[in-house]
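Right, one structure below, let's go through it.
In UniProt numbering, the protein residues as written are 1 to 352.
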């Protein structure tokens, strides 16, 4: 029999969580971001997804407008709600109990460091049309729909309620085979973490899983390690700012080996072949994590030129990005670089 929720203390401050309701929340996020990719992972058919899009039209259309900036925004509230008795109902109550301006400010982490938008700016946009117009002007490079942004902000309660309702429906659609695979894969992951914790601190284990060095390093009072089959990305780390009371880090890890198509591999090598981008990666490897301004100074190029190169490197998943207050810190994606090296060795039969 599959267990709905496993919440196990692995070490003093390190907790393993395997939860079907959490997995359903990730499934809902994934179908909003990329329904085709989710169908390949979770066994949902087109008809089923089409019915969800019809039932939750407001959610899907709003997300289509704001998804680039709030992709994983709803997951931020897990830092307030994760516990041994976690449920989607409790998560919904936690989110909707917050003041609207605070809730919306937290749901879009890039407000502050991308556009210097404050919580007060959000509060004004909720009640003042001119303030809303001004807010849209500031974010229009990524937000393509004024009506979508307006709906997300001013009807956010409906957005949240439909998000949770979708997750509940997706939880009900989990097959017995899927749930068994999730539990068995999670058990293997837990054993790997327990072994790693015998020699390394949880922060270092987290860095190894993500293949990056963190700028935000706590210290954290609790570290949560959560496996997933439906996570839209390989790893996802949620954390409070350094020196926050009741500081937590939550790390989701996607089970199974990530496959890379030949087209993706060739595209990544094309991006690597540019001298400037190669030098940026070398600098990051020696100095990570670093701010964008440090890269501009090191390379002695215009900010727009560096921004272009960084966008291409990020698109190829060759670099990592971590927001810290009003700045972004970059590093190389060690896992991705290693995977490309392994592909070269395999394709050209290079032995160690």
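Idealized CB from N, CA, C, for every residue including glycine.
Residue 319: which of 309, 331, 308 and 327 sits nearest, CA to CA? The residue given as residue 319 occupies position 319 in the chain shown. Of 309, 331, 308 and 327, the residue nearest in Cα terms is 331.
Simplified DSSP state of residue 70, which is helix, strand or coil: The sequence position of residue 70 within the chain shown is 70, counting from 1. In this structure, residue 70 counts as helix in the three-state DSSP scheme.
Between the C-alpha atoms of residue 192 and residue 207, what's the straight-line distance to the nearest angstrom? Taking the chain shown and counting its residues from 1, one reaches residue 192 at position 192. Taking the chain shown and counting its residues from 1, one reaches residue 207 at position 207. About 14 Å.
Using a Cβ-Cβ cut-off of 7 Å (strictly less than) and excluding sequence neighbours within five positions of residue 35, which residues of its own chain qualify? Here residue 35 refers to the residue found at position 35 when the chain shown is read from its first residue. These residues qualify, in order along the chain: 49.
Keeping to the same chain, check which residues put their C-beta closer than 6 Å to that of residue 106; ignore five residues upstream and five downstream. Residue mapping note: residue 106 aligns to position 106 of the chain shown, counting from 1. 76, listed in sequence order.
Going by DSSP, which residues form a beta bridge with residue 277? Numbered from its first residue, the chain shown carries residue 277 at position 277. Partner(s): none; residue 277 has no beta bridge.
Residues near residue 162 by beta carbon distance below 7 Å, same chain, minus five either side: By 1-based counting over the chain shown, the position of residue 162 is 162. Answer for residue 162: 56, 58 and 59, listed in chain order.
Can you list, in chain order, the residues of its chain whose CB lies under 8 Å from that of residue 256, leaving out five sequence neighbours each side? By one-based count along the chain shown, residue 256 stands at place 256. Closer than 8 Å at Cβ, skipping near neighbours: 185 and 229.
Beta-carbon proximity of residue 215 to residue 322, cut-off 8 Å: Locating residue 215 in the chain shown gives position 215, where the first residue counts as 1. Locating residue 322 in the chain shown gives position 322, where the first residue counts as 1. Contact flag set, yes.
Keeping to the same chain, check which residues put their C-beta closer than 6 Å to that of residue 212; ignore five residues upstream and five downstream. The residue labelled residue 212 in the question sits at position 212 within the chain shown. Same-chain partners within the cutoff: 320 and 331.
Does the contact criterion of 3 or more C-beta pairs under 8 Å hold for the segment 171-180 versus the segment 12-25? yes
Taking residue 328 as the reference, give the member of 72, 314 and 341 with the closest Cα. Along the chain shown, one-based indexing puts residue 328 at 328. The shortest Cα separation from residue 328 among 72, 314 and 341 belongs to 314.
Where does residue 210 land, buried or exposed, given buried means 16+ other C-beta within 10 angstroms? Along the chain shown, one-based indexing puts residue 210 at 210. Its Cβ being crowded by 16 or more others within 10 Å, residue 210 is buried.
Out of curiosity, what's the CA-to-CA distance linking residue 168 and residue 73? Within the chain shown, numbered from 1, the residue matching residue 168 stands at position 168. Within the chain shown, numbered from 1, the residue matching residue 73 stands at position 73. Here the C-alpha atom of residue 168 lies approximately 18 Å from the C-alpha atom of residue 73.
Just verifying my parser: in three-state terms, what is the DSSP assignment at residue 8? The residue labelled residue 8 in the question sits at position 8 within the chain shown. Looking at residue 8 - three-state DSSP - the assignment turns out to be strand.
Is residue 278 closer than 8 Å to residue 250 when the C-beta atoms are compared? On the chain shown, position 250 is the one that residue 250 refers to. On the chain shown, position 278 is the one that residue 278 refers to. Result no, Cβ atoms of residue 250 and residue 278 do not sit closer than 8 Å.
What does a CB cutoff of less than 8 Å around residue 91 pick up in its chain, not counting 5 residues either side in sequence? Taking the first residue of the chain shown as position 1, residue 91 is located at position 91. Taken in chain order, the residues that qualify are 25, 77, 78, 81 and 164.
Is it buried or exposed for residue 254, if we count other Cβ within 10 angstroms and need 16 for buried? As a first step, residue 254 must be located in the chain shown, where it is residue number 254. So residue 254 ends up on the buried side.
Proximity winner among 119, 226, 268 and 44, relative to residue 30 (alpha-carbon distances): In the chain shown, residue 30 corresponds to position 30, counting from 1. Comparing alpha-carbon positions, the option among 119, 226, 268 and 44 lying closest to residue 30 turns out to be 44.
Please classify residue 139: is it buried, with 16 or more other beta-carbons within 10 angstroms of its beta-carbon, or exposed? The residue labelled residue 139 in the question sits at position 139 within the chain shown. With 16 or more other Cβ atoms within 10 Å, it is buried.
Is it the case that the segment 146-162 contacts the segment 95-115, given that we only count it when at least three CB pairs across the two stretches are under 8 Å? yes
Straight-line Cα distance separating residue 88 from residue 422: With the chain running from 1 to 352 in the structure shown, residue 422 is simply not present.
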